[in-house]
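Participant: Here you go, one structure.
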Amino acid sequence: MSRSLYDTLEVSSNASADEIKKAYRKLARKYHPDISKEKKAEEKFKEINAAYEILSDPKKRAQYDQFGDSMFGGQRFDEFARYQQSQNINLDEILSSLFGGSFGAQGGFNNFGTPNLDIKGKISIPFNISVLGGKQNLSIDGEQKSIVIPAGITHGESIRLKGFGKQFAHQRGDMLLKVEIEKSNEYEREGNNLIKNFELPFKIALFGGKVIIPTIHKEITLKIPENTQNNQKFRVKELGVIDRKSLQKGDLILQAHIQMPNTHSMSQELQNMLKAELP
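Just so you know, we're using this note's numbering here: the sequence shown kicks off at 3 and counts up by one.
The following block contains the structure:
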């Protein structure tokens, strides 16, 4: 009985699992599309990976050993595989129908001939969680999972979830979640610094005083000097975002928006005096 899968991996039909794995790695490196200059390297690469996925699985190998190439209509596996690809038929789906389970023979592969089993996804998180860290719920294949978000994460950064990727033979990849941070109505972020506007009463802007300001970390009391100008900035050390590498915190930049009084609430005497005295 013809067993061309073994020929594809260039091993004997009684080869051990280790011998099959070693042969697969050697051939995968040889025919990797990024390395090989042969015209049909990509087709050969797919055949090698498909053959390995079958022969590395004890159940699939036993099934193939029982029926041989009759499973491919009596064709050699390489002829069978190339015909399917020439007809733009998904080889993975054909093999899945023959052997059951899922196939990843046409997925991406890295430079070492091992399959790229990682998958990509996205997660949107509130601004405050990006600064403070916390947990965010995510549905993966209908299952709710709580994701730990590290403090200081940046927009576009990725979080790796171990074991939530694709499966190939006895390996399982990871899920790479690209983080999207929702905009804040209260803060802007510049590097590790936070910028926040605050309302400053006209009287305190003129004569100085203190204002209580809630921040993302804690409530603070800010001392305001006399003659503070509109849009004047105040820097509060280490109330910004933590740098995940250096563990140093950025600063909080507070920008004053002076609340101008309504002249209709003033007495006529005060209005006349202001008109006379103000430049």
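Every residue, glycine too, gets a C-beta built ideally from N, C-alpha and C.
Because the structure is a prediction, the values reported are computed rather than measured.
1. Does DSSP classify K282 as helix, strand or coil?
2. With a threshold of 8 Å between beta-carbons, can G76 be considered close to chain C, or not?
3. Check for me: the alpha helix (DSSP H) holding S269 runs from which residue to which?
4. Please check the pair F101 and Q77, which I expect to be a contact at CB under 8 Å, by giving their CB distance rounded to whole angstroms.
5. Looking at the structure shown, is A19 part of a helix, part of a strand, or coil, going by DSSP?
6. Below 8 Å CB to CB, which residues in the same chain sit around K185 once its five sequence neighbours on both sides are set aside?
7. Which value, in whole angstroms, describes the spacing of the CA atoms of I151 and N187?
8. Answer with buried or exposed for I183, where buried requires no fewer than 16 other C-beta atoms within 10 angstroms of its C-beta.
9. Go ahead and pull the three-state DSSP assignment for V150.
10. Could you check which residue in V13, R174, I155 has the C-alpha nearest to that of L119?
11. Please look up how many angstroms separate the CB atoms of K212 and I226, rounded, as I've assumed it's under 8 Å.
12. Between the C-alpha atoms of L134 and S160, what's the straight-line distance to the nearest angstrom?
13. With DSSP collapsed to three states, give me the class of E81.
14. Rounding to the nearest angstrom, what Cα-Cα distance links E201 and L224 in this structure?
15. Nearest to K47 by alpha carbon, out of Y189, S58, K32?
16. Helix, strand or coil: which one does DSSP assign to Q86?
17. Is it true that the CB of A43 sits closer than 8 Å to the CB of L7?
18. For L254 versus T217, is the C-beta spacing smaller than 8 Å?
19. Just to confirm my understanding: we take F74, look at its own chain, exclude 5 residues before and 5 after, and list those with CB closer than 7 Å. What are they?
20. For A278, which residues of its own chain have a beta-carbon under 6 Å away from its beta-carbon, when the five flanking residues on both sides are left out?
21. Return the CA-CA distance between I121 and I215, expressed in angstroms with no decimal places.
22. First and last residue of the beta strand (DSSP E) that includes N130?
23. Less than 7 Å between C-beta atoms, sequence neighbours within five positions excluded: which residues of the same chain meet that for L163?
24. So, is K146 buried or exposed, given that buried needs 16 or more other C-beta atoms within 10 angstroms?
25. May I ask you to report which of helix, strand or coil DSSP gives T223?
26. Can you give me the Cβ contacts of T10 inside the same chain, cut-off strictly under 8 Å, excluding the 5 residues immediately before and after it?
27. Let me know if A19 comes out buried or exposed under the rule of 16 or more other beta-carbons within 10 Å of its beta-carbon.
28. Name the two residues that bound the continuous beta strand (DSSP E) containing S160.
29. Can you tell me which of G70, S72, D71, E45 puts its alpha carbon nearest to the alpha carbon of Y85?
Facilitator: A quick look at the data gives this:
1. Past the boundaries of the shown model lies residue 282; the chain is included only from 3 to 281, so the question cannot be answered.
2. Given the protein chain composition of this structure (a single chain), no chain C is represented.
3. Counting along the chain, S269 falls outside any alpha helix (DSSP H), and DSSP gives it neither H nor E.
4. With 8 Å as the limit, F101 and Q77 do not qualify as a contact, their Cβ atoms being about 16 Å apart.
5. helix
6. F129
7. 21 Å
8. buried
9. strand
10. R174
11. 7 Å
12. 17 Å
13. helix
14. 12 Å
15. First, the residue type needs correcting, since residue 47 is Phe and not Lys in the sequence shown. Of the listed residues, the one whose Cα sits closest to F47 is K32.
16. helix
17. no
18. yes
19. F82
20. none
21. 43 Å
22. Note, N130: premise wrong, no beta strand (DSSP E); alpha helix (DSSP H) at 129 to 134.
23. D176, M177, L179
24. The question names Lys, yet the displayed sequence has Gln at residue 146. That one is exposed.
25. strand
26. E49, I50, A53, F79, D80
27. exposed
28. 160 to 163
29. E45
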